[in-house]
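Enquirer: Okay, here's the structure, questions in a sec.
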Amino acid sequence: MSRAPVFMLLLAAAACTDKADDGNTDDSNTVETSVFDEIITVNETAVGELACWTAGAEPLSQTPDPSCQVEVDFAGEIEDFESGDEVGDATLELFFSDAYSEGAADFTTVSDTSGAVSGQAMTCTPTTYKTSTDPDLDLTRDTFEAHQVWGYETSISDTFNSVSSTTYQVIPSLLGVSLKDGMGIVAGTAYDCNGDPLQNVQVIARDASGAYPEDQRIHYFRDDFPNREQPYTSPDGLWVAINLPAGEVTIEMYAWNGATHELIGTTDLTIFADSINIANIAYGFWGGVFYPDSCLSPCQ
């Protein structure tokens, strides 16, 4: 997303937004329906490159070549998710193989005053990263990005997101959603076979018990801007899920085939209370992990 130009607009729009809703529709007194039927309503066919997979077939799978999974130096910076400004004195933790465990990161460092970080990371290996700042200052919320995969290179250069406490509050407010304490947020992009944004699809969260949590609120963007009237992904492919319970969840992505809604991709995540997770879903892939081409053939 290109975020810097819209941050002040977000603040202004949130200040004059209508009273927050508790749901995805304006009418809460209609005949009771299932959570799934309330959220998955798209009746337009998906727009994007879909030739790589057919809905209902076995999910796509990839296996990285072991020779491509090596530890290399990385350099980058921690940036504010909305403004793009550097975030100094922020902690970056890397968890290789997406194996998140509190206090047991595979690599930890702290950014300097310009937001710069450096260290070692793994190529062609699913990695969850976490950025955080001093909780007593309440400047940012714990920010996670799951299933990050860097292609095979001799070194890595990348940017790591940090979401400010202000942005964490503003986006739900703009969408008319009341944040609930102890819940989490997930934001991401729907992708087609070419890695381009996928239009006219919807997402929903399912918890570890297999249920669709009733408190979840799903919204979409228009021109990279949160829009409460957008019913499914626009050409930017962006979505956000708000008020997800802490714990293991699967974000499911659905498309309309003209007769029914079909599951076309998922991502698996761990939600932490009062935090935000950035994750993407690719057409035909289950779990949320997909590899660059440089990982799929021998590297050395």
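Here the sequence shown stands for residues 1 to 300, where the numbers follow my numbering. Note that CB positions come from ideal geometry on N, CA and C, so glycine has one too.
#1: Which word fits Cys295, buried or exposed, when buried means at least 16 other C-beta atoms lie within 10 angstroms of its C-beta?
#2: How about Phe221 and Leu244: are their beta carbons less than 8 Å apart?
#3: Do Gly84 and Asp112 have their beta-carbon atoms positioned less than 8 Å apart in this structure?
#4: Short of 6 Å in beta carbon distance, which residues of its chain neighbour Leu179, apart from the five on each side in sequence? Order them along the chain.
#5: Going by DSSP, which residues form a beta bridge with Ser162?
#6: Between Leu92 and Ala121, which are expected to be in contact by the criterion C-beta below 8 Å, what is the C-beta distance as a whole number of angstroms?
#7: With DSSP collapsed to three states, give me the class of Phe7.
#8: Which of the three DSSP states is assigned to Tyr283 in this structure?
#9: Leaving out five residues before and five after Phe290 in sequence, what residues of the same chain have Cβ atoms less than 6 Å from its Cβ?
#10: With a threshold of 8 Å on Cβ separation, who are the neighbours of Val42 within its own chain once the five nearest residues in sequence on each side are excluded?
#11: Taking C-alpha atoms, which residue in Ser234, Ala246 and Asp192 lies nearest to Ser209?
#12: By a C-beta neighbour count over all protein chains shown, 10 Å radius and 16 as the cutoff for buried, is Gln300 buried or exposed?
#13: Can you tell which of Met183, Leu198, Asp134 and Ala146 has the C-alpha that lies nearest to the C-alpha of Ser164?
#14: Could you have a look at Asp136 and say whether DSSP puts it in helix, strand or coil?
#15: DSSP three-state call for Thr167: helix, strand or coil?
#16: Run through DSSP, which three-state label would Pro172 get?
#17: Which of helix, strand or coil does DSSP assign to Pro66?
#18: Below 8 Å between beta carbons: does that hold for Glu252 and Ile218?
#19: Looking only at its own chain, which residues have a Cβ that is under 8 Å from the Cβ of Thr109, when we skip the five neighbours before and after it?
#20: Between which residues of its own chain and Asp65 is the CB-CB distance below 8 Å, once the five residues before and five after are set aside?
#21: Ordered along the chain, which non-local residues of its own chain (more than five positions away) have a Cβ less than 7 Å from that of Thr189?
#22: Given a threshold of 16 other Cβ atoms within 10 Å of its Cβ, counted over all protein chains shown, does Gly302 qualify as buried or as exposed?
#23: Please return the same chain residues whose Cβ sits closer than 7 Å to the Cβ of Val35, not counting the five positions on each side in sequence.
#24: Between the C-alpha atoms of Arg206 and Ile78, what's the straight-line distance to the nearest angstrom?
#25: Does the beta-carbon distance from Phe160 to Gly76 come in below 8 Å?
#26: Between the alpha carbons of Met1 and Ser234, how many angstroms are there, rounded?
#27: Taking Cβ to Cβ, would you say Ser132 is nearer than 8 Å to Phe74?
#28: Can you tell me which of Arg141, Glu102 and Gly151 puts its alpha carbon nearest to the alpha carbon of Pro126?
#29: Where does Phe36 fall in DSSP's three states?
#30: Using the rule of at least 16 other Cβ atoms within 10 Å of the residue's Cβ for burial, across every protein chain shown, is Gly56 buried or exposed?
#31: DSSP puts Thr233 in a beta bridge; with which residues?
Expert: Let me lay it out:
#1: Indexing the sequence shown from 1 puts residue 295 at position 295. Taking all protein chains in view, the Cβ of Cys295 is crowded by 16 or more other Cβ atoms within 10 Å, so the residue is classified as buried.
#2: As a working mapping, residue 221 is identified with position 221 in the sequence shown. As a working mapping, residue 244 is identified with position 244 in the sequence shown. No.
#3: For the purposes of this step, residue 112 is identified with residue 112 of the sequence shown, where counting begins at 1. For the purposes of this step, residue 84 is identified with residue 84 of the sequence shown, where counting begins at 1. The beta carbons of Asp112 and Gly84 sit no closer together than 8 Å.
#4: As a first step, residue 179 is located in the sequence shown; it is residue number 179 there, counting from the start. Closer than 6 Å at the Cβ level, and outside the excluded window around Leu179, lie Pro172.
#5: Position 162 of the sequence shown, counted from the first residue, corresponds to residue 162. Note: Ser162 sits in a beta bridge opposite Asp80.
#6: As a first step, residue 92 is located in the sequence shown; it is residue number 92 there, counting from the start. As a first step, residue 121 is located in the sequence shown; it is residue number 121 there, counting from the start. In this structure, Leu92 and Ala121 do not form a Cβ contact; the two beta carbons are roughly 10 Å apart against a cut-off of 8 Å.
#7: Here residue 7 refers to the residue found at position 7 of the sequence shown. Because Phe7 sits at a pLDDT of 41, beneath the cut-off of 50, its placement in the model cannot be relied upon, and the following sentence gives the value as read from the coordinates. It is helical.
#8: Here residue 283 refers to the residue found at position 283 of the sequence shown. Note: Tyr283 maps to coil in three-state DSSP.
#9: Position 290 of the sequence shown holds residue 290. Contacts found: Ala282.
#10: By one-based count along the sequence shown, residue 42 stands at place 42. So the qualifying residues of the chain are Asn200, Val201, Gln202, Pro231, Tyr232, Tyr254, Ala255, Trp256 and His261.
#11: In the sequence shown, the residue the question calls residue 209 occupies position 209. Taking Ser209 as reference, the option from Ser234, Ala246 and Asp192 with the minimal CA-CA separation is Ala246.
#12: Position 300 of the sequence shown, counting from 1, holds the residue named residue 300. Answer is exposed; the Cβ neighbour count stays below 16.
#13: Here the question's residue 164 lines up with position 164 in the sequence shown. The shortest C-alpha separation from Ser164 is found at Asp134.
#14: What you label residue 136 is simply residue 136 of the sequence shown in a count that begins at 1. Asp136 falls in the helix class under three-state DSSP.
#15: Translated into positions along the sequence shown, residue 167 becomes position 167. In the structure shown, Thr167 sits in a helix (DSSP, three-state: H, G or I).
#16: Along the sequence shown, one-based indexing puts residue 172 at 172. Note: Pro172 maps to helix in three-state DSSP.
#17: Here residue 66 is taken as the residue at index 66 of the sequence shown, counted from 1. Reduced to three states, the DSSP call for Pro66 is helix.
#18: In the sequence shown, counting from the first residue as 1, residue 252 sits at position 252. In the sequence shown, counting from the first residue as 1, residue 218 sits at position 218. Cβ atoms of Glu252 and Ile218: not closer than 8 Å.
#19: Along the sequence shown, one-based indexing puts residue 109 at 109. Taken in chain order, the residues that qualify are Thr91, Leu92, Val117, Ser118 and Gly119.
#20: Locating residue 65 in the sequence shown gives position 65, counting from the first residue. If we look at Asp65 and ignore the five residues flanking it on each side, its Cβ neighbours are Cys124, Cys295, Leu296, Ser297, Pro298 and Cys299.
#21: As a first step, residue 189 must be located in the sequence shown, where it is residue number 189. For Thr189, where only same-chain residues beyond five positions count, the Cβ hits under 7 Å are Pro197, Gly237, Leu238 and Asn280.
#22: The displayed coordinates of the chain run from 1 to 300. Any statement about residue 302 would go beyond what the structure contains.
#23: Within the sequence shown, the letter at position 35 stands for residue 35. Short of 7 Å from the beta carbon of Val35, and not among the five residues preceding or following it, lie these beta carbons of its own chain, in chain order: Tyr212 and Glu214.
#24: Reading the sequence shown from its first residue, position 206 is the one you call residue 206. Reading the sequence shown from its first residue, position 78 is the one you call residue 78. Taking the straight line from one Cα to the other gives about 31 Å.
#25: For the purposes of this step, residue 160 is identified with residue 160 of the sequence shown, where counting begins at 1. For the purposes of this step, residue 76 is identified with residue 76 of the sequence shown, where counting begins at 1. Contact flag set, yes.
#26: Indexing the sequence shown from 1 puts residue 1 at position 1. Indexing the sequence shown from 1 puts residue 234 at position 234. Confidence is the limiting factor: at Met1 the pLDDT is only 42, short of 50, which leaves the residue's position unreliable, though a coordinate-based value still follows. Distance between the alpha carbons of Met1 and Ser234 is about 13 Å.
#27: Taking the sequence shown and counting its residues from 1, the one referred to as residue 132 is at position 132. Taking the sequence shown and counting its residues from 1, the one referred to as residue 74 is at position 74. Note that the C-beta distance between Ser132 and Phe74 is not below 8 Å.
#28: The residue given as residue 126 occupies position 126 in the sequence shown. Nearest option by C-alpha distance: Gly151.
#29: Translated into the one-based positions of the sequence shown, residue 36 becomes position 36. Looking at Phe36 - three-state DSSP - the assignment turns out to be helix.
#30: The count along the sequence shown starts at 1 and reaches residue 56 at position 56. Exposed, since its Cβ has fewer than 16 Cβ neighbours within 10 Å.
#31: The count along the sequence shown starts at 1 and reaches residue 233 at position 233. As far as DSSP is concerned, Thr233 takes part in no beta bridge.
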